[in-house]
Structure formats: C-alpha cells, structure tokens
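Novice: Before we start, here is the structure in question, set down as structure tokens.
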C-alpha cells in the first residue's frame, strides 16, 4: 500500500483497476445513454429503392429540357405513386406520374419536379423548370447499404443511434452493464434524513449526495445505511455491499482511534492500494481491491461532506464511466479568469469551488466563499472546481485557470430569437 | 397563421407559448435533474454546535502558548468526546480532552490540536504546537443557520442539492412536473421496428428517435404508434395524445394531396400559429396551440428523419426545458474552424451536421458528408450542428463558426494521470 500519493497517481491507480463491465442485451429503444458493445452493421439498404425527396411529379428529365417559366411543358399524368405504394407500370417518354415524398421512383423516371414548380391542369401537369437527371431523387442506399457499418461498438447511444437502430429493425442490442454502486456512511453521530437529530447528531447526508453522484454518472446506486463505529457493525454493512461493482463508504478513514474501516476491509480480504491523496479537500481517501476481482472496487471517502463529494467526482466518477464502457471519463473544462487571488502552502493540490460567469473577456471564476470542507452550501453554489496545483502557492487575480465544469447547464448558450 | 417564418421568429413563437408546468411533491432523494419550485430555507443550524474538524485533542489555547517541538507541554486527558457524544463537564484550565472529527467542542475549550502534533503518554498528552484560538474548530452555523437560504427556487437539483436537502431533513420538496410528450408517426409506408418491411415500406423510426430526444430533454415520452394517411386514423391518433403537454407528429405536414394533418388538427380545435420555417433541413414544420391552453402544444415535424430530429432539437427541446422549469434552454456552443468551404443559396438557415475535433488551434468542424435530410447516419456521426445563416451564401474553409454541441461527451477533457 502506498500512502500520500499525488492526485495523478491516485487517478492512474483507480483507472488501472477499472475495466468495462460485461454485456447485456436490452431494447435499443430504451438503451439511451448506454454504451453499445457490438458493431452493428446494416442488414438493410436504406432507402430500399430510389425514392422521391419531395411531393411533386416523377418525370424523364430529357422530356423537360426546354421547360421554363416562360415556356412551360405540359405532360399527361398517367398514374400516382404514394409512399408505401409501387408504380403499376414503367413511365414512358412524354409521361409524368404524381409522386409523394418517400414514394419509390417509377421505372423509367429519372427525376422529380417539385409541386411548387408545376401547375395541375386536369389530368395533365404543366412544368415550369427543366430538372437535371436525379433531381429530388434519393438514391437507394443513400443512407446505408446491406453490410455497411451503422453504429460502432463503443458508441454512446443517443437519439440518432436509437433512430438508426430502429430503422434497421434492430430492436435488441448488446450494451455494457451499468455499474452497481453500494454506498454507506459510518459514524455514531449519524441519523437518517427523516429522523430528528438529537444534540450532537447530524444527518447522514453523504450517502444521499454520493448515491446521487453515482446516478448522475449513469450507475445504479443503493444505500446500505449507517454503520456504527464498531467493527462488527461495519463488517455487516460492508458485507452487504460485496456484490456491488463499486463500494463507497464515507467517514472512518482517518487516523483516530475510532477508525475501524481499514482493519475491517482487510479482514474481508480487501487489499488497500493507497491511502491518502495529497489534495484538499479530501486527503484521507483510501482505495482497495479484492484479489482476482473477487469483490468490488472499494473507495473509503472522507467524512466531511465536501471532501466526500470532491473525491467522488475526481476518482469514483471516472471509474464508473470506464466501467460502463464510455471512452471519455472526464468533465468539460473551461479556461476562466480568476477574479480574486488565491494562496496556499505548497504540497497539496487544492480543488477550489467556483462559480462561473460569462464576462466581457470570456469565463470568470469566483470562489464560492468558505472553502471549508464542511460547508455543503459551497457545493450547492459551485459550478465547477478550479485546480490549484500542488506545487503552486499563489494564483494571482486575473490569471487564467482551468475549471472542470460540474453543472452542465452553465455552458448552455441561449439562442437569440 | 404565419407562413415561412425565420428560425428566430419560430423560436420566439414556440417559447412564448411554453410556461413552467405545475408543481408536485417528490422525494428530494429522487429529485435529481428536476427543478426546485420552492425556496428552501434552513430549518437547522449546521453544524449544530462548534465541533472538531480533526481527530486530536480539545484544549484551551492559552495553556499551550509556550508549546513547541523543542519544548512540548504535557496536559492530563480528562475525558473523551466522540462524534455524536457530549462533554460530561466543562474543560478546565490545564486540561485536555480526546476528541474526534465531528464531535462537539467541550465547554471551556477553544481549540483542537491535531493528533499528528501530539504524543499520547498514558493518561496525558504531550503537545508540540501552540494552537491559535479557534484552530481546527468548525463553528456552529458555518454551513447554514436557521432561516438561511439553502437552495433557491429554480435550481436544478444536482448531487450537492440532494445532500443539502438531506442534511436539513427535507425529504420531500416541490418541483416542476416533467413534461409529458406524445409522439406519433404518419404514413402508409410505415411499419414498426419489429416488423419486416415489404417492398416500398420503411420503419417508423422517427417516433423512436423523437421519443428518445424527449427523454434526453427530461420529459416523459409515449409513442402513439403509426397513423395511416387518412383523416379518421389521424384524428384517432391525435385524440389519444390530447392529454399530453406536447404532441409531436412527424410526416404529413407538407403541400401534397395526402397531407391530412392540418385539417385534422383544425377540426380538433388546434390553431396553427405558424407553418413553414425558412431553414434546411426542416422547412415543413407546423406549430399550433389550443385556445386557453385546453390542449397540448402541437408540433407537426417534417417526415425526413434528419429534418424531424433537427427541428425537434431547435424548437421542441427548448420548449420541454422551459416547461420543466429550467432557466437555461440552450445547448453548449463552441467556436470551431470550418475545415471545408460551404455554399448555398441565400434565403434559408442551414443546420450543417458536423463532427468536432480538437485541433492545434482549438475546435475544428468537419461536415459529416451527405447533408441529405434522409441520411440518418449523418445524425449518428454528428457531434453538433453548425448554423449557416439565412442571408449567407459562402462560409470559407478556415473561417470560425459557432456550433451547437449535441454530444456532450465531445466536450469532456481527460485529466493527465
């Protein structure tokens, strides 16, 4: 076990232990946000035949070479083809067929004239333009042909993928399983949110914040409840989470006499990979694994609410994204002008909660006030985390800094109307 | 009814008809992503009392003014306070109390010395530092005091808000209702995805893509199925969606003889606000409302798969976000270098499907190949939509253009490890 690792070392260590989870077949129509685990090739040609891109008339372009606004050409309309229909016979020279969007082009026709460029005259049509061959015709296979790649393994399934899979008749697809996360809080001072805390007691809010973070990351979270500060109760709670992919506890991983987490984890067969990350908030973070994957990845997060959330964001979230098969594990980042100077002692990386605003010269980042790791309200106010590097001791006001964005809404741009 | 409106006019018209939906009380622990509809003030002081931020010893700072590494000061440890516990008596001058993170500071004590700065000696402790008064003490109310604003109405509930609400014991909160969206496809050529299309038939994939877009936007979507191209069947399908907040149909709103959507909607009492938007893909878009809100907002989207998805993105998505109470309705946008020249006739705004890549000089946007409105694969490949303004006819290669980002993953930045 290593102690007091850097943020980068910790991130490398946790990601090295996370591999994409196994597969399950789910309805493509409900697979939104999941990661496809198979290459889907098209079993169909789409569109299946040359078809009309417009409502209008199917024609032979050569018949209309001389047509213009000044000198329209009139053709007899010999039949009609609706979407879903078929031309009864070949279209011969000098004939037109009424046609609708999506309908197959009759044999013999090679162009479509838009309805707007024509005038219906009884059973004939007067055409005011000279179409090029192929005008307003969607060619068979324009979208995909049989055997073409349609959606690649590793794609995050969004609405376009759902539509594509539906159009191919692929109603069931293989995706990576969602990570299962079990969350517990430890501490004799904790009560559940629907209980009234006695003096000295507080609500076990970390379990709820961490379970929410897991859900935001696409995982399935369950709450194992509150473990008391004794080895037997901790062991009982940890055992209840051993079938999860990731086990997250908060509190109890520090140096005090009351910290039973580490010995209990070791008793259960968990090997600690590292303990302590040189960061603030969040130094007392532990990470462990079970030999040969015979148990969950275990994160012992600090007990302070902000420390718990920030360490989850930095280390657990990327692991959950990787387990789910995603190829990007990070957050959007923006470069922002720091509006007030920050200072600290060198040695630990600080993650400063900031609000982001659009200034005249791009993004501005303003610390959310108290950076105490107990001030939950600072996480409510924060749009992002500004990384104050370990070796640095001063970040001047006006300097440009990178901020990882926690609130995606802050990046939204409203369109003028 | 107006015809042939601009993109901006259409956006203003649809947003003017959308107002945040009514309230419902839900479990705060399951309210992730919903918009809070009440100002939540704190009913508690957090932390409820001065408490220790570290494991160590509670002391009177004055007793340790001379303590140093060279000359430690030894104090008797008179009792222990665990988190959730209480000091039995006041701490007197010259005494120390063992204390753990989160435990209340004993009356009489004014500082905490970290365990790392001490040495336990039987029932005494030797202290190697001179703490300032207040050291490692979290003050009562440091997070919130009774009556303080905790989470404001209009906030999108993220993990921090869930934790904050839990810590206040607010297990139920008022949020805006989710929009209910009903989706139908119209056309005689359509079959469901689990059916085998006969020649001339295609899958009604638009319903699935549009329902997915609605879900991605946070709405509850249901699929009304396929309406055939006859007024009675269309009316039956539309009636089934009249209890929704938003009714979305695709296909059937064009100029052809087979388009029964508009007369059916008018028969049901829907007033068309506009028909036709000067854009590509997607001109044949209709928007209607029922007088005095006695029915859903109705969007008649074009039938081409890409036109349907792009018009949903531009007009339905912001409406769904506004209905759900969100204060930002847009997408993130980036400025990107266009890698190939684009040209078109002036008159319509084009939305060009592009892939985004990080180049040496910032984002680069590359069109996804065929911009035909039937090529679903272009939506699978697209990271964003580049807006080619209505009046413009050329966008030179190398020019900087704004792109609205459809695939949030593309913005993710991986951390070095």
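Protein chains in written order, with our numbering: chain A, 1 to 417; chain F, 418 to 834.
The beta carbon of each residue, even a glycine, is placed where N, CA and C say it ideally should be.
Bear in mind that the values here come from a model prediction, so they are computed numbers and not experimental data.
Excluding the five sequence neighbours on either side, which residues of its own chain have a C-beta within less than 6 Å of the C-beta of residue 659(F), listed in chain order?
Specialist: 712
Novice: Listing by chain order, which chain F residues have their CB less than 9 Å from the CB of residue 105(A)?
Specialist: Chain F residues near residue 105(A): none, gap ~11 Å exceeds 9 Å.
Novice: Cβ atoms of residue 613(F) and residue 147(A): under 9 Å apart, would you say?
Specialist: no
Novice: With DSSP collapsed to three states, give me the class of residue 670(F).
Specialist: Because residue 670(F) sits at a pLDDT of 48, beneath the cut-off of 50, its placement in the model cannot be relied upon, and the following sentence gives the value as read from the coordinates. Coil.
Novice: Would you please verify whether the beta carbon of residue 425(F) is less than 9 Å from any beta carbon of chain A?
Specialist: Chain A contact via Cβ: present.
Novice: Chain A partners of residue 573(F), CB-CB under 7 Å?
Specialist: 409
Novice: Starting from residue 261(A), trace the alpha helix (DSSP H) both ways and give me its first and last residue.
Specialist: 261-267
Novice: Which whole runs of the alpha helix (DSSP H) in the stretch 313-397 of chain A are 4 residues long or more, in chain order?
Specialist: The stretch 313-397 of chain A contains these whole alpha helix (DSSP H) runs: 317-323, 377-381.
Novice: How about residue 78(A) and residue 91(A): are their beta carbons less than 9 Å apart?
Specialist: yes
Novice: By the three-class DSSP mapping on this structure, what secondary structure does residue 79(A) have?
Specialist: strand
Novice: Which residues in chain A sit within 8 Å of residue 555(F), going by Cβ to Cβ distance?
Specialist: Neighbours of residue 555(F) on chain A, chain order: 372, 374.
Novice: Nearest-angstrom Cα distance between residue 324(A) and residue 21(A)?
Specialist: The straight-line gap from Cα to Cα measures roughly 6 Å.
Novice: Check for me: the beta strand (DSSP E) holding residue 182(A) runs from which residue to which?
Specialist: 180-186
Novice: Is the separation between the beta-carbon of residue 381(A) and that of residue 353(A) shorter than 9 Å?
Specialist: yes
Novice: Please list, in chain order, the chain A residues whose beta carbon lies closer than 7 Å to that of residue 630(F).
Specialist: 159
Novice: Go ahead and pull the three-state DSSP assignment for residue 426(F).
Specialist: helix
Novice: Using alpha carbons as the reference points, say which of 823(F), 808(F), 803(F) lies closest to residue 816(F).
Specialist: The shortest C-alpha separation from residue 816(F) is found at 803(F).
Novice: Is the stretch 689-698 of chain F close to the stretch 759-768 of chain F, with three or more CB pairs under 8 Å?
Specialist: yes
Novice: Hey, would you say residue 210(A) sits closer than 9 Å to residue 11(A), going by beta carbons?
Specialist: no
Novice: Find out if the Cβ-Cβ distance for the pair residue 55(A), residue 114(A) is shorter than 9 Å.
Specialist: yes
Novice: Quick one: Cα of residue 33(A) to Cα of residue 156(A), how far?
Specialist: If I take the Cα positions, the gap works out to 6 Å.
Novice: According to DSSP, is residue 108(A) helix, strand or coil?
Specialist: coil
Novice: Who are the neighbours of residue 361(A) on chain F, taking C-beta pairs under 9 Å?
Specialist: By Cβ distance, chain F contributes nothing, its closest Cβ being about 14 Å from residue 361(A), past 9 Å.
Novice: If you measure beta-carbon to beta-carbon, which residues of the stretch 482-493 of chain F are closer than 8 Å to chain A?
Specialist: none
Novice: Within the 9 Å Cβ cut-off, does residue 22(A) reach chain F?
Specialist: Answer no: the Cβ-Cβ gap between residue 22(A) and chain F never drops below 9 Å.
Novice: What's the gap between the Cα of residue 69(A) and the Cα of residue 153(A)?
Specialist: 52 Å
Novice: Is there a Cβ from chain F that is less than 9 Å from the Cβ of residue 108(A)?
Specialist: no
Novice: Any residues in the stretch 680-707 of chain F with a beta carbon nearer than 7 Å to a beta carbon of chain A? Which ones, in chain order?
Specialist: none
Novice: With DSSP collapsed to three states, give me the class of residue 311(A).
Specialist: helix
Novice: Hey, residue 621(F) and residue 607(F) are a contact pair by Cβ (cut 8 Å); roughly how many whole angstroms apart?
Specialist: 4 Å
Novice: I'd like to know whether the C-beta atoms of residue 341(A) and residue 745(F) end up nearer to each other than 9 Å.
Specialist: no
Novice: Going by C-alpha to C-alpha distance, which of 737(F), 500(F), 517(F) sits closest to residue 533(F)?
Specialist: 517(F)
Novice: When DSSP builds the beta bridges, which residues end up paired with residue 51(A)?
Specialist: 104(A), 138(A)
Novice: When the Cα of residue 119(A) is compared with those of 76(A), 199(A), 81(A), which residue comes out closest?
Specialist: Checking every option, the nearest Cα to that of residue 119(A) belongs to 76(A).
Novice: So, helix, strand or coil for residue 630(F), using DSSP?
Specialist: helix
Novice: In or out: residue 777(F) buried (at least 16 other Cβ within 10 Å) or exposed?
Specialist: exposed
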